[in-house]
Amino acid sequence: MATLSQTENQIRPLYIDGYTDQLSYAPGEEIAFNVSTSAGQYSLEIARIGATREVVFNESGIPGQAQPIPINASSHGCGWEPTYQLKVPETWQSGYYEGILRASDGGGDTIYRNHRTAESSLFFIVRAAAPGTETPILLQLSTNTYNAYNNWGGFSLYGYHGQNTLQGNRVSFNRPTGGIFRNWELPFIVWAEQNGYTLDYAANSDLEFHPEILAHYKLVLSVGHDEYWSAPMRDNLEAYVANGGNAAFFSGNSVCWQVRSEDEGRALVCWKQSFNLDPIYKTDDYSTLSTLWSHHLVDRPENHLTGVGFLQGGYHLSHGQFMDGDGAYTAHRPEHWVFEGTDLKRDEKFGGQNTIVGYECDGCEFTIKDGLPVPTYKDGTPEGFTILATAPVRWHPDDCEWYERWEKGHTGAATMGIYTKGGTVFTAATTDWSHGLAGGDAIVERITHNVLKKLADLR
Numbered sequence: 000m001a002t003l004s005q006t007e008n009q010i011r012p013l014y015i016d017g018y019t020d021q022l023s024y025a026p027g028e029e030i031a032f033n034v035s036t037s038a039g040q041y042s043l044e045i046a047r048i049g050a051t052r053e054v055v056f057n058e059s060g061i062p063g064q065a066q067p068i069p070i071n072a073s074s075h076g077c078g079w080e081p082t083y084q085l086k087v088p089e090t091w092q093s094g095y096y097e098g099i100l101r102a103s104d105g106g107g108d109t110i111y112r113n114h115r116t117a118e119s120s121l122f123f124i125v126r127a128a129a130p131g132t133e134t135p136i137l138l139q140l141s142t143n144t145y146n147a148y149n150n151w152g153g154f155s156l157y158g159y160h161g162q163n164t165l166q167g168n169r170v171s172f173n174r175p176t177g178g179i180f181r182n183w184e185l186p187f188i189v190w191a192e193q194n195g196y197t198l199d200y201a202a203n204s205d206l207e208f209h210p211e212i213l214a215h216y217k218l219v220l221s222v223g224h225d226e227y228w229s230a231p232m233r234d235n236l237e238a239y240v241a242n243g244g245n246a247a248f249f250s251g252n253s254v255c256w257q258v259r260s261e262d263e264g265r266a267l268v269c270w271k272q273s274f275n276l277d278p279i280y281k282t283d284d285y286s287t288l289s290t291l292w293s294h295h296l297v298d299r300p301e302n303h304l305t306g307v308g309f310l311q312g313g314y315h316l317s318h319g320q321f322m323d324g325d326g327a328y329t330a331h332r333p334e335h336w337v338f339e340g341t342d343l344k345r346d347e348k349f350g351g352q353n354t355i356v357g358y359e360c361d362g363c364e365f366t367i368k369d370g371l372p373v374p375t376y377k378d379g380t381p382e383g384f385t386i387l388a389t390a391p392v393r394w395h396p397d398d399c400e401w402y403e404r405w406e407k408g409h410t411g412a413a414t415m416g417i418y419t420k421g422g423t424v425f426t427a428a429t430t431d432w433s434h435g436l437a438g439g440d441a442i443v444e445r446i447t448h449n450v451l452k453k454l455a456d457l458r
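Encoded structure:
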């Protein structure tokens with residue numbers, strides 16, 4: 000005879016999770032919400048996330064459906080059927096949108112009749128209906144990095160939080176993900192909107208699959224942790240810059256790993272340190288080998304685009320490196336227009352109060368001439384790159400010594416700088432630049448104003 004404790008064990012859990020069928024949409028396009036829940040029905044709340052959280056949609060009583068999770072969900076997606084569809088209204092402003100999924104029930108049928116709730120979130124991006132008409136600035140969000148770190152289903156592109164500490168080499172967007180939007184990009188967006196800037200939004204992959212939008216903007220932004228780029232993304236942005244477009248990387252560890260898009264942009268492949276297992280390795284063309292962009296086999300260092308790279312950069316106040324560091328940049332050329340209005344002096348530090356030099360940073364190889372750092376240009380940094388500020392950084396040995404050309408014990412420098420080659424490219428060269436904006440650092444704010452206004456041609 001079954002006991003009450005046995006009956007208790009038969010009460011199923013309450014859960015809800017979901018994702019959308021694309022990363023970004025233009026007004027008028029239809030969003031498919033692929034949701035799995037143990038509840039008979041659920042609700043969906045959608046809000047645009049910026050300086051304020053603006054709820055733009057609510058729907059309840061949506062029929063729920065429990066959908067299975069495949070064993071290879073991490074790499075090939077959940078394959079869930081859409082349970083709700085919504086056409087993006089023409090009135091929705093370009094931006095990052097959060098969907099909150101909520102479900103509830105009354106617990107067990109005969110015991111534990113308590114009210115239970117479950118909640119999860121998803122995100123999508125709304126592109127501008129008419130690109131560039133409301134603003135000359137496009138912010139492309141680091142959605143590839145969101146996916147690379149997402150271990151939903153068991154695996155990501157990292158071993159430290161993978162099932163059995165195993166590292167995946169393919170990750171699907173067709174699964175739930177929270178992303179890292181709030182870590183770096185949101186503080187930048189909040190500051191920008193509070194200071195009167197309007198931004199249009201896109202996903203990383205829109206540079207690959209919707210490159211036509213670039214021509215409508217004067218300035219393209221990368222913010223925070225923009226680590227994973229495909230060859231078409233780079234090709235299209237580099238062509239944009241060559242044709243006179245401007246870019247600003249308020250980010251670090253940027254364009255570090257090459258990925259390949261599969262499933263029409265719904266999956267990413269990156270073999271990273273195990274590049275010799277990538278099927279491309281067996282061919283005669285290593286141009287799309289999914290490893291470091293700076294790897295000698297690929298021979299296309301990110302410096303060509305950003306001016307700096309992670310091989311000459313590293314960690315500061317993270318991964319055990321420079322844990323006693325001050326998180327500050329040292330200014331070298333305060334007369335440059337980037338520093339206009341800051342009153343900085345040569346060799347004066349800034350940004351330390353909010354540790355703007357932090358987590359992961361990029362650099363370039365340089366020598367010292369007349370007391371100032373000057374690029375050697377041996378690592379792919381473009382001719383004419385001007386070093387504006389530096390701070391010491393270093394890789395953790397576990398992250399770098401797999402690379403046969405790594406100089407053991409090498410210490411690099413986060414290298415803020417700028418160059419012009421067609422258009423102008425500025426790099427803050429640190430993931431944590433937006434922390435200075437969130438903290439109200441007057442110098443960080445002024446530099447950001449200078450770059451945005453100059454490169455977007457704002458009066």
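Under numbering that gives the first Met the number 0, the first residue of the sequence shown carries the number 0, and numbering increases by one thereafter.
The beta-carbon is built from N, C-alpha and C at its ideal position, and this holds for glycine as well.
Bear in mind that the values here come from a model prediction, so they are computed numbers and not experimental data.
Rounded separation between residue 140 and residue 334 - CA only: 32 Å
Sequence-distant residues of its chain with Cβ nearer than 7 Å to residue 405 (five each side left out): 399
Cβ-based neighbour list, residue 303, same chain, cut-off 6 Å, excluding 5 preceding and 5 following: 379
Beta carbon proximity, residue 281 to chain B, threshold 8 Å: Considering every chain present, this structure includes no chain B. It has just one protein chain.
Top-ranked residue by Cα proximity to residue 51, from 225, 412, 187 and 340: 187
Where the alpha helix (DSSP H) through residue 448 begins and ends: 441-454
Cβ-based neighbour list, residue 167, same chain, cut-off 7 Å, excluding 5 preceding and 5 following: 73, 74, 154, 155, 156 and 161
Proximity winner among 315, 418, 148 and 440, relative to residue 454 (alpha-carbon distances): 418
Exposure label - residue 135; buried when at least 16 CB within 10 Å: buried
Three-way DSSP call (helix, strand, coil) for residue 474 in this model: The first residue shown for the chain is 0 and the last is 458, placing residue 474 beyond what the model contains.
Inter-residue Cα distance where the pair is residue 298 and residue 451: 31 Å
Beta-carbon gap between residue 190 and residue 388 smaller than 8 Å: no
Backbone secondary structure at residue 279 - three-state DSSP: helix
Beta-carbon gap between residue 331 and residue 296 smaller than 8 Å: no
Cβ pair count under 8 Å reaching 3, the segment 237-257 against the segment 318-326: no
Beta strand (DSSP E) segment containing residue 419, residue limits: 410-420
Identity of the residue in 409, 18, 416 and 263 nearest residue 121 by Cα: 18
Straight-line Cα distance separating residue 109 from residue 95: 43 Å
Reference residue 289; option with closest CA among 138, 273 and 55: 273
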